[in-house]
Structures are given as structure tokens and as C-alpha cells.
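Its first residue numbered 1, the sequence shown is counted upward by one per residue in full-length UniProt numbering.
Idealized CB from N, CA, C, for every residue including glycine.
All of these numbers come straight from a predicted model, not from anything done at the bench.
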Amino acid sequence: MTDTPVKERVNMVLEQDVPVRLIWHGTPFYVDETPIALGRTQPTPDGSHPHPAIVTGWLLRCSSAAGEAHTFEVKSSGAAQWNLASVQG
């Protein structure tokens, strides 16, 4: 397993403010497990989960249709843009 620090823009597809797909180097990676919210968060009214609309980073375990799997750390750069902070796997 490698841990590669990177600073490149990626595209993310969100449903109800939660990532479901990340596109990296033209390849779609589908989220396999519940994403982990990172950075500035605010709890939901029930207090059990961060409110996804104000999360500033995500840790995503994803795989491609070809079976390539990685853990991506993604940080917000504002204005609905996301940068890849690291890739593991």
C-alpha cells in the first residue's frame, strides 16, 4: 500500500450532500463504505452525524468498475471544488 500526497482537483458526485462517486484521472470510483466527514463540521439536529452541507473534507473508500481500490482524502477548496489531499492503496 502506498500513501501518496497529492494536490490536484477531482470531481465528486454528491447525493443529499454526501459523496457517492469520485472521478480521478478520468476514472469513476464509487464509494464502497460510508464516507467519513473531516474538517469543519456541525452536528445534525439529532447530534449523531455531521451535517454534510458544511463538511470541508471527506475520507472515501472507493473502487472502480475494474476493481481498482483506493482510500481518498479530499478537501474543499471552496465554491463546490474539491482537491485530492492523499491517496492510499
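Contact annotation: residue 74 and residue 57 have beta-carbon atoms nearer than 9 Å. Only residues of its own chain outside the window of five on either side were considered, and among them 21, 64 have a CB closer than 7 Å to the CB of residue 28, listed in chain order. Residue 27: member of the beta strand (DSSP E) spanning 27-31, first to last residue. Excluding five sequence positions before and after residue 24, the CB atoms of its chain that fall closer than 6 Å to its own CB belong to 10, given in chain order. Shortest Cα-Cα distance from residue 79 to any of 55, 36, 16 involves 55.
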